[in-house]
Amino acid sequence: MENYQYPLDLNWSTEEMILVVNFWADLEKVYEQGMDRQAFLDSYQSFKSVVKSIGEERKLGREFEGLSGYSLYHAVKQAKASQNKRIKM
Numbered sequence: 005m006e007n008y009q010y011p012l013d014l015n016w017s018t019e020e021m022i023l024v025v026n027f028w029a030d031l032e033k034v035y036e037q038g039m040d041r042q043a044f045l046d047s048y049q050s051f052k053s054v055v056k057s058i059g060e061e062r063k064l065g066r067e068f069e070g071l072s073g074y075s076l077y078h079a080v081k082q083a084k085a086s087q088n089k090r091i092k093m
C-alpha cells in the first residue's frame, strides 16, 4: 500500500471525517482483500450522509482514484449489482 492522504473537507466535523475515513479504508479493503458486500454498502451510506451531493462524491472519488488507483464508482456499482455475500475488485 502506498502512502497517500484521504481526500477530506476540513469543514466537516470530527464525526463526519471519521465516517468518510472509514469509508475510504473500506474501499481499500474491497480492492485489497474483499469484504462483506452489505457492510461495504452500509459504509457507503454513512459516507453519503456526509457527502450528499453527487458532484462532491464524484470529485472526491476522482481524487481518491488518482491517489490510490481504486475507483469509488466501480466498487459501488459492483456492490449494488452483485448478489454475492462478499465483494472483491
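When you read off a place in the sequence shown, starting at 1, and then add 4, the result is the number in this note's numbering. Just so it is clear, CB atoms sit at the ideal spot from N, CA and C, and this is done for glycine as well. Note that the coordinates shown come from a computational prediction; the quantities given were computed from them, not determined experimentally.
Comparing C-alpha positions only, which one of N15, I22, L31 and P11 sits nearest to K81?
In the sequence shown, counting from the first residue as 1, residue 81 sits at position 77. Considering only alpha carbons, the answer is L31.
Are the CB atoms of P11 and F51 within a distance shorter than 8 Å?
Walking along the sequence shown from the start, residue 51 turns up at place 47. Walking along the sequence shown from the start, residue 11 turns up at place 7. Taking 8 Å as the Cβ cut-off, F51 and P11 do not qualify as a contacting pair.
Going by C-alpha to C-alpha distance, which of K89, S86, R62 and N88 sits closest to Y77?
Here residue 77 is taken as the residue at index 73 of the sequence shown, counted from 1. The shortest Cα separation from Y77 among K89, S86, R62 and N88 belongs to R62.
Quick one: residues in its chain with C-beta nearer than 8 Å to the C-beta of G65, no 5 flanking neighbours on either side, listed in chain order?
Here residue 65 corresponds to residue number 61 of the sequence shown, with the count starting at 1. Counting only Cβ-Cβ distances below 8 Å, and skipping sequence neighbours, we find S75, L76 and Y77.
Taking the CB atoms as reference points, tell me whether F44 and A83 lie closer together than 8 Å.
If you number the sequence shown from 1, residue 44 lands on position 40. If you number the sequence shown from 1, residue 83 lands on position 79. In contact: F44 and A83 (Cβ atoms closer than 8 Å).
Sort K89, V55 and G73 by Cα distance to E36 and report the nearest one.
Along the sequence shown, one-based indexing puts residue 36 at 32. When each option's Cα is compared against that of E36, the closest is G73.
Please list, in chain order, all residues of the same chain as A79 whose beta carbon is under 8 Å from its beta carbon, the five residues on each side excluded.
Taking the sequence shown and counting its residues from 1, one reaches residue 79 at position 75. Closer than 8 Å at Cβ, skipping near neighbours: L31, V34, Y35, F44, I91 and M93.
Could you check the C-alpha separation between L23 and S57 for me, to the nearest Å?
In the sequence shown, residue 23 corresponds to position 19, counting from 1. In the sequence shown, residue 57 corresponds to position 53, counting from 1. Going from the Cα of L23 to the Cα of S57 covers about 16 Å.
Give the straight-line distance between the Cα atoms of D2 and N15, rounded to the nearest whole angstrom.
In this structure the chain extends from 5 to 93, so residue 2 is not present and cannot be described.
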